[in-house]
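Participant: Before anything else, here's the structure in question.
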Amino acid sequence: MAISKPHSVRIIGIDPGLRNMGWGIIDSQGSHLKHVANGVIKSDGKLDLATRLCQLHDQLYEIIAEYKPDESAVENTFVNKDPAGALKLGQARGIALVVPARFGLLVAEYAPNKVKKTVVGAGHADKLQILHMLKILLPNAAPKNADAADALAIAITHAQYRGVKQLKVVG
Numbered sequence: 301m302a303i304s305k306p307h308s309v310r311i312i313g314i315d316p317g318l319r320n321m322g323w324g325i326i327d328s329q330g331s332h333l334k335h336v337a338n339g340v341i342k343s344d345g346k347l348d349l350a351t352r353l354c355q356l357h358d359q360l361y362e363i364i365a366e367y368k369p370d371e372s373a374v375e376n377t378f379v380n381k382d383p384a385g386a387l388k389l390g391q392a393r394g395i396a397l398v399v400p401a402r403f404g405l406l407v408a409e410y411a412p413n414k415v416k417k418t419v420v421g422a423g424h425a426d427k428l429q430i431l432h433m434l435k436i437l438l439p440n441a442a443p444k445n446a447d448a449a450d451a452l453a454i455a456i457t458h459a460q461y462r463g464v465k466q467l468k469v470v471g
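Here it is as structure tokens:
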């Protein structure tokens, strides 16, 4: 009797931000993870908010169209002390949720502490610890910056928990 291998699932992780939105794509096959691509989407801070949101939308749309992920994961934002900053971040986060959804992708959301705990083992890990673990989990990744590294960590978290999220109780 042949043992079937689990099929590969392509996941895009997105770290929302108005100035810099990190993205990272991995292929997950069972417990095996493979880096596909990563980068940072930027908006021009000299432009009005609506135009900046359009820039984020259009760039994220191009990335999803090019890499064709099967699922997406977005980091939840924590409460910011600056209400105006929190609102702007929330609007950028809306782009991170809507664009994958328009492609028909599942959009999972993860708290920052859950991402850190999944990748590093501690919910209050710092950026250097995340980068260190990414080098181990995805040796060929070389994230473009901390935003791209966070996005890869979000994708890894989704790879870990995606089966749990898909379970539905019928009864």
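Offset between the sequence shown (1-based) and our numbering: plus 300. Ideal Cβ positions, reconstructed from N, Cα and C, are used throughout, including at glycine.
Are the beta-carbon atoms belonging to A446 and L434 less than 8 Å from one another?
Facilitator: Mapped onto the sequence shown, residue 446 falls at position 146. Mapped onto the sequence shown, residue 434 falls at position 134. No, these two residues do not count as a Cβ contact at 8 Å.
Participant: For A455, count the other beta carbons within 10 Å of its own beta carbon; 16 or more makes it buried, fewer makes it exposed. Which is it?
Facilitator: By one-based count along the sequence shown, residue 455 stands at place 155. Buried.
Participant: Could you pull out every unbroken beta strand (DSSP E) segment of at least 3 residues lying fully inside the segment 312-350, listed in chain order?
Facilitator: Correct list: 320-329, 332-342.
Participant: Spatial neighbours of K334 within its chain, please: CB distance less than 7 Å, with the 5 preceding and 5 following residues excluded, ordered by chain position.
Facilitator: Here the question's residue 334 lines up with position 34 in the sequence shown. Correct list, in chain order: I326, D327.
Participant: Can we say the segment 363-376 touches the segment 398-414, given the rule of at least three CB pairs closer than 8 Å?
Facilitator: Touching, yes.
Participant: For chain C, check one thing: does any of its Cβ atoms lie closer than 8 Å to the Cβ of G345?
Facilitator: In the structure shown, chain C cannot be found, because there is only a single protein chain.
Participant: For the segment 332-348 and the segment 356-374, state whether three or more C-beta atom pairs, one from each stretch, are separated by less than 8 Å.
Facilitator: Yes, the segment 332-348 is in contact with the segment 356-374.
Participant: Does the distance from the C-beta atom of I311 to that of P369 stay below 8 Å?
Facilitator: The residue given as residue 311 occupies position 11 in the sequence shown. The residue given as residue 369 occupies position 69 in the sequence shown. Taking 8 Å as the Cβ cut-off, I311 and P369 qualify as a contacting pair.
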